[in-house]
Structures are given as structure tokens and as C-alpha cells.
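Novice:
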């Protein structure tokens, strides 16, 4: 009887563990970035600080411009960017109304008041447009707001 000269290990469990780790990291990844739109060039400010406590209910509005590959604006009017879609600001009001209506139909009026509208506005978006987005949100019943900016390095 001859003994086998080469024994190969069964790699199936190692492959299973690898796929489970990949799945785990996909699930626990911070999905905040999925609401961020790369077309938005946030303004920088030394007073900008990261949020210390995660918001329980948050609706992110990305305000920016359609841009060419070189970064120049295609259109002078700001747009609202949602995942996979873009709307003019005046067309976004009915969308906010619908969002609030869905929350109310579910019997969750408090959720509308507790939802923070986070506005990620491009540095070139005029302040009046940001105020208009806030007004549309208030008309829909949302009361809490936050503005996003990049934290600038302090000169020292």
C-alpha cells in the first residue's frame, strides 16, 4: 500500500468565510456617502464640525450644478440631485410634500417634525437658493435643518 505523497487541503470553508466577510463589510459600510453626490463641491469653513451623534431621521438634499468634464457649469440654474435623478428646485417642492404625506399616512406626524433636512449645497449655489430649499421643506412640514460643509484647515 502506497501512501499519497501530496495532500491538498479543502479550501471551501476559507472561501465561505471570505464571502461572509465581504457581505459583513458591505452591510456595515457607512451609507451616508450614498446620499452624497460627487457633483457637489462643498464650501470649506473652519467652523464646520462633523456631527457627533448620528441623526435618527435624515433627508439629504444635494444642491448643485450640471457640470462639464472640465468642471465648468452647463447651466446657471442649480439642480437638486437625488440618487439616479436630478430635478429643478421648483419641481422638488412637490416631492417633499409627497415625502411628508407618506409619513403622515403611516400615522407618523412626529417623524415629519423629527426629520432633519440636511442640505449639501455646492459652494457656488447662492444663499437665496439654499433658503428657498429650506422654505420648501418648511411648507412640507419639516422643521429641522442642517447644512453640510467641509472642514477647512485652520491657519496657525
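In the numbering used here, the protein residues as written are 136 to 291. Backbone N, C-alpha and C fix where the C-beta goes; we use that ideal spot for every residue, glycine too. Fair warning: this is a prediction, and the values are worked out from it, not measured in the lab.
1. Just the Cα atoms here: how many angstroms apart are residue 228 and residue 222?
2. Any idea what DSSP makes of residue 308, helix, strand or coil?
3. Need the endpoints of the beta strand (DSSP E) that residue 220 sits in, please.
4. Would residue 238 be called buried (16 or more neighbouring beta carbons within 10 Å of its own) or exposed?
5. Rounded C-beta distance between residue 217 and residue 271? I'm assuming under 8 Å.
6. Looking at the unbroken alpha helix (DSSP H) that takes in residue 274, where does it start and where does it end?
Specialist: According to the data block:
1. 10 Å
2. In the structure as shown, the chain begins at 136 and stops at 291. Residue 308 is therefore absent and cannot be evaluated.
3. 220–223
4. buried
5. At roughly 14 Å, the Cβ-Cβ gap does not stay under 8 Å, so residue 217 and residue 271 are not in contact.
6. 262–275
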